[in-house]
Structure formats: C-alpha cells, structure tokens
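In the working numbering, the protein residues as written are 164 to 770.
What follows is the structure in structure tokens.
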C-alpha cells in the first residue's frame with residue numbers, strides 16, 4: 164500500500180517526539196483517522212468529549228511537560244470549537260499546534276456543508292503561523308515550521324489539511340524550483356543581553372534601597388538565580404499567577420500573588436518600593452505596580468515583542484531569565500538596607516496569619532477558604548495543581564503554599580471558564596506518575612467539567628499514579644461575577660443569571676466508576692482531602708460552600724464592602740449573610756499582630 168499524506172503526517176509527528184494528540188473525530192479528518200489505525204495509534208489519539216476540551220488538554224499537557232501540545236479536529240464546527248482553548252494557549256504563551264481538517268479542495272468556494280474559511284478564522288489565534296496544505300510536497304515544510312515556530316515563539320500554530328489532500332499519495336519535495344525542503348529538530352538556545360545593557364540595568368538596580376522583584380512563568384527555569392539576586396538585594400519577591408510555582412511560598416520574603424487575586428504584602432511592597440525588577444512576566448494590571456515615577460524599573464524577558472510593556476521601564480533586557488541573571492548577578496552590589504527585607508518578611512508572616520484566621524471564619528455550611536487552606540499542608544511534594552477561573556482562583560492564589568517540585572497553573576490571561584479539569588487531564592498524560600488536583604467552581608464544572616469526567620474514566624487506569632482529584636466548590640452561584648457586581652457596581656445579585664442548580668457531582672463520578680464524596684460540614688473537609696489523596700482511583704470531592712464568603716482583593720477598602728452592603732439594600736437575595744461574611748473576613752486584617760498599611764506614614768487606604 165502506498166503511503167498517504169495522512170500517514171506521513173503521523174510519521175512526521177512521531178519524528179518530532181509527539182506522543183499524544185488530543186482530539187475529537189469527524190469526517191473532515193477521516194483520512195487522518197484511517198492513518199491512525201494503520202499506525203497502531205501512534206502517536207496516541209486521546210479522545211476528549213469536546214474539541215474545546217481537547218485544546219485545553221493540549222494546553223495543560225504543554226504547560227506541565229514543557230513540550231508542544233498537539234490537538235486535532237474536523238472541519239467547520241470542530242475547528243471552531245478548538246478556538247477558546249487555542250486562545251488560552253496564545254494569551255499564556257504556550258506552544259500548541261492545531262491540526263484541522265477542511266472540505267475537499269473541489270468544494271471550496273461553493274458554500275459547501277461545513278465549509279468555513281479557516282485561514283481567515285485562524286488568522287489571529289495562530290498569527291505566528293497558519294497554513295493550508297494543498298499538495299503532498301508541501302506537508303513536511305508546513306508541519307516542521309508549525310512545530311518549530313510553536314516552540315520558538317511559545318505560541319499557537321495551525322496546519323489545515325483538506326480532506327481530499329489527506330487521502331493523496333505522499334511524495335516528498337524534490338530538489339527543484341519552487342520546492343521547499345525541510346528538516347527536523349529545534350536547537351536549544353538561551354539568548355542573553357549585551358554587556359552594555361547589563362551594565363545599565365545593574366546601575367539602575369544598585370541605586371535602589373527598597374527593591375521589589377516580580378516573577379512570572381518566564382522565570383521558572385531560574386529559581387536559584389532569582390533567590391540569589393533577591394538575597395543580594397535584600398528584596399522581596401511577588402509572583403504573577405502564572406509564576407506561582409517559580410519560588411517556594413515558604414520563603415519568608417516571597418509575598419505571594421499580585422493583582423486582584425493577590426496578597427496584601429505584594430500590594431504594599433509595590434506601593435513602597437523604589438526599584439522594580441520584573442523577570443519573565445507580562446503581568447497586565449498596571450494599577451498594582453508602583454506609581455509612575457515612584458520606582459526605577461528593569462525588565463527581563465526572552466521575547467523582544469513583550470518587553471517595555473505595562474510600565475515605563477528604564478532598561479529592557481532581552482534574554483533567557485537564567486542566563487541573564489547569571490550575568491547580571493556579579494554586577495549587583497549587596498544592598499545594606501536590611502530593614503526593607505525585614506518589613507517585607509514581617510508583612511508576609513502577618514498575611515499568613517490573616518489567611519489562617521479567614522479560613523477559620525464560620526460559614527454556612529463550609530467556608531471555601533478553609534477548603535483550600537486545609538489542603539495546603541497536605542499537598543504531596545510532586546503534586547500538579549490547576550485552578551479554574553472564578554472565585555476558586557482566589558483561594559488557589561492565596562491559600563495554597565507551593566514548594567519544591569510542585570507545579571500549578573490556570574488560565575492566566577484569557578481567564579476563561581472551564582480549563583481546570585482538562586488541564587489536569589493533560590497533566591496526567593505528561594506525568595502519569597504524579598498526583599494532580601483541580602480546584603473548580605460549580606459553574607465551570609457544569610459548563611464542561613462533568614463531561615470530562617468521562618474522559619478521566621476512559622483513561623485513568625493507564626496512569627501509574629491513579630490519584631486525580633477534582634474538588635468542586637459547590638455554592639450554587641456564579642460567585643466571582645456576583646461579587647464583581649456587588650463590589651464594583653454596588654448592584655444586587657441578579658438571580659436569573661447567577662443562580663445555578665445543585666448537582667450531585669459525587670454521585671455522577673461514582674456512576675462512572677470513580678470515587679466521589681459530598682462534604683457538607685467543615686469537620687469533614689480535612690478527612691475528605693486525606694481520603695482522596697490516598698485513593699486508588701480518581702475522586703470528585705463535592706464541597707458545599709457558602710457563596711457569601713467574599714473574594715476581597717488585597718486593596719479592598721471598607722468602601723467596597725459598603726458598596727456590597729448597598730446592593731443588599733437594593734434587593735440582593737443573599738442580604739445579611741453576604742454582609743456578615745464580608746465584614747468577618749475583612750476584620751481579620753485588623754486583629755492584633757501587625758499594622759494595617761493605613762497606619763503607616765503617608766499611606767492612604769485604597770489608593
């Protein structure tokens with residue numbers, strides 16, 4: 164039998180080291196499906212319940228493996244369904260290649276069934292590389308460039324293959340005019356800034372006395388170097404959400420997350436520093452960074468397209484974080500202002516006390532902060548964590564202390580609902596020997612998490628470590644939006660949009676052959692985590708939580724709590740419970756043990 168284009172595609176993916184393709188079938192890729200059969204399912208076809216979930220699984224796999232995630236879908240609706248997951252990859256700078264079918268070339272332009280102009284549709288999401296293969300000789304070059312570009316630019320690339328082209332006999336490009344030969348492989352490289360730029364950056368940093376460092380996912384390979392720089396400068400280190408696993412949260416000078424889901428120590432450090440060093444982060448919210456003119460700033464990023472954003476940086480260093488810091492460190496002087504570091508460490512210690520107190524606040528029936536807080540010291544050393552978007556992300560950001568080899572991620576920039584469960588599925592294919600946990604809201608679980616439990620049930624027995632925990636915060640409310648309405652607009656909860664049904668998540672998990680527990684009392688929270696972490700199969704934990712516990716941002720003022728109270732007067736259905744929980748949580752920051760920032764000279768609450 165002659166080799167088809169589809170056969171060569173799978174062969175080329177194998178040559179690139181691709182082990183899994185997260186996908187959903189359809190007649191637009193029938194040629195590829197037949198080739199998979201001839202190739203003994205190599206690379207593995209991992210069947211999601213929906214193309215969007217296949218894309219999210221590819222993103223999760225890429226985030227936690229460091230390899231390119233590959234997903235595939237049929238023409239028309241299948242290709243469209245991939246888009247949300249692909250945008251998640253694009254905005255978080257994750258290497259993903261999408262392989263999509265298209266109608267036969269003879270039907271293009273004829274308003275044929277499922278005919279969509281995919282080149283136009285994918286023009287933005289795969290802006291770095293998007294091509295359609297129209298003849299066999301074109302395939303190696305297009306696929307190789309897609310893989311190489313995805314890795315080099317940490318971006319989304321798309322390869323579109325019409326159904327009839329998939330079935331053509333494969334012939335390689337020839338040594339001839341207008342043929343484009345290709346080759347495999349992506350060399351490892353670590354760009355570094357010029358000596359002149361490093362000297363300028365060191366001059367800016369050495370002039371400062373109160374240095375703040377912000378790290379993102381781009382600093383993940385530079386843990387030791389970041390710590391060395393922080394110690395040399397007596398600096399504190401804040402972490403963008405995508406960089407939560409860059410440094411241990413147990414380090415006394417690590418202030419934790421920054422932004423709306425961040426911590427007060429991060430907020431205060433940015434308010435009071437005179438120098439800012441940003442490493443591998445494109446954190447977007449300028450209002451949580453120092454006031455313009457307050458701090459001199461230096462940025463390090465591997466992507467020249469991403470430097471100079473968000474803040475008026477004085478020096479932009481384009482280079483690999485580890486190699487750049489290695490060259491920068493000898494140029495940095497020891498900062499003798501130890502009081503700055505001591506203040507940061509005192510604020511961090513105080514913040515963790517506040518978090519413990521907030522987690523202990525009584526709620527009806529369970530405080531969601533306690534669910535995350537109780538998990539923190541039970542986390543296995545090699546755990547992989549994912550959070551969904553929504554109020555669950557607040558508790559993930561603030562209560563879970565990551566350390567050592569632990570990994571964690573979420574939809575950082577797109578902040579889309581729904582990736583929590585497929586992320587950990589992708590993680591388990593990347594690291595089947597490690598436990599994984601997803602913290603998701605009931606809205607995200609109903610949106611698509613429940614269907615992906617079927618995917619878990621289909622594949623979990625292949626994983627060396629069977630532990631995969633889906634923790635559902637079941638408060639029957641689309642909680643983050645509810646609180647945004649209250650705090651930002653003083654508007655009451657709009658029940659037709661915010662209230663969602665109570666679903667028996669644990670029962671559904673058990674119906675699939677998985678483990679499941681419903682927890683309705685605080686006394687059962689820790690035991691449920693311990694049971695799930697010792698389980699011999701995946702487990703769904705249905706925590707019935709109180710929607711009235713507010714995800715108060717680090718800069719929250721009593722004015723914002725008052726805005727929430729105003730919404731009650733306008734007819735909020737939650738009324739007293741919502742206000743009670745808001746004030747109970749807020750007051751933890753004023754208990755003995757440390758000063759509130761408004762007590763400090765020149766500080767103004769909520770500025």
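A virtual CB, placed ideally from N, CA and C, is assigned to each residue, including glycine.
It is roughly 42 Å from the alpha-carbon of residue 494 to the alpha-carbon of residue 582.
The segment 227-303 contains, as complete beta strand (DSSP E) runs of 3+ residues, the segments 232-236, 259-265 and 292-295 (chain order).
Comparing alpha carbon positions, the residue from 212, 349, 459 and 218 closest to residue 364 is 459.
As a beta-bridge residue in DSSP terms, residue 167 pairs with 332.
Taking a cut-off of 8 Å on C-beta distances, the segment 617-630 does not touch the segment 652-663, as fewer than three cross pairs fall below it.
Segment contact: the segment 193-203 against the segment 169-184, three or more CB-CB distances shorter than 8 Å; contact assigned. Here the alpha carbons of residue 523 and residue 214 stand approximately 41 Å from one another.
When secondary structure is reduced to three states using DSSP, residue 459 falls in the strand class.
Membership of residue 465 in any alpha helix (DSSP H) is not indicated, and neither H nor E is assigned to it by DSSP. DSSP links residue 630 through a beta bridge to no other residue. With contacts defined as CB atoms closer than 8 Å, residue 313 and residue 231 qualify as a contacting pair.
For residue 597, the number of other beta carbons within 10 angstroms of its own is at least 16, and it is reported as buried.
Residue environment analysis places residue 352 among the exposed positions, since fewer than 16 neighbouring C-beta atoms fall within 10 angstroms of its C-beta.
The alpha-carbon of residue 304 is positioned some 23 Å away from that of residue 271.
Between residue 378 and residue 483, the gap from beta carbon to beta carbon reaches 8 Å or more. When 638, 476, 212 and 713 are compared, the shortest CA-CA separation from residue 743 is found for 713. Burial is judged here by how many other beta carbons sit within 10 angstroms of a residue's own beta carbon; residue 387 has fewer than 16 and is exposed. With respect to the 8 Å criterion, residue 634 and residue 603 are classified as neighbours on the basis of their beta carbons. Where residue 706 is concerned, the enclosing beta strand (DSSP E) starts and stops at 702-707. Per DSSP, reduced to three states, the secondary structure at residue 573 is coil, with no helix or strand assignment. With respect to the C-alpha of residue 238, the residue from 599, 274, 279 and 218 having the closest C-alpha is 279.
Annotated three-state conformation of residue 639 is coil, per DSSP. For residue 622, the uninterrupted alpha helix (DSSP H) run begins and ends at 613-622, by DSSP. The three-state secondary structure of residue 680, taken from DSSP, is strand.
Excluding the 5 residues flanking it on each side, residue 199 has same chain C-beta neighbours closer than 6 Å at 208, in chain order. With a threshold of 16 other beta carbon atoms within 10 Å, residue 340 falls short and is exposed. Using a Cβ-Cβ distance cut-off of 8 Å, the segment 314-328 and the segment 290-306 are in contact, since at least three pairs of beta carbons, one from each stretch, lie closer than that value.
For residue 529 and residue 226, the gap between their C-alpha atoms comes out near 32 Å.
For the 8 Å CB-CB criterion, residue 662 and residue 643 do not form a contact. Rounded to the nearest angstrom, the Cβ distance from residue 461 to residue 488 is 11 Å, too far for a contact under 8 Å. Bridge pairing for residue 186: 210 and 235 [DSSP]. Ranking 229, 306 and 277 by CA distance to the CA of residue 261 puts 306 first. Residue burial annotation: residue 298 is exposed, with fewer than 16 other C-beta atoms found within 10 angstroms of its C-beta.
Per DSSP, the unbroken beta strand (DSSP E) holding residue 420 starts and ends at 417-420. Going by DSSP, residue 361 is part of the alpha helix (DSSP H) stretching over 358-369.
In this structure residue 310 is in contact with residue 179, their Cβ atoms being roughly 5 Å apart against a cut-off of 8 Å.
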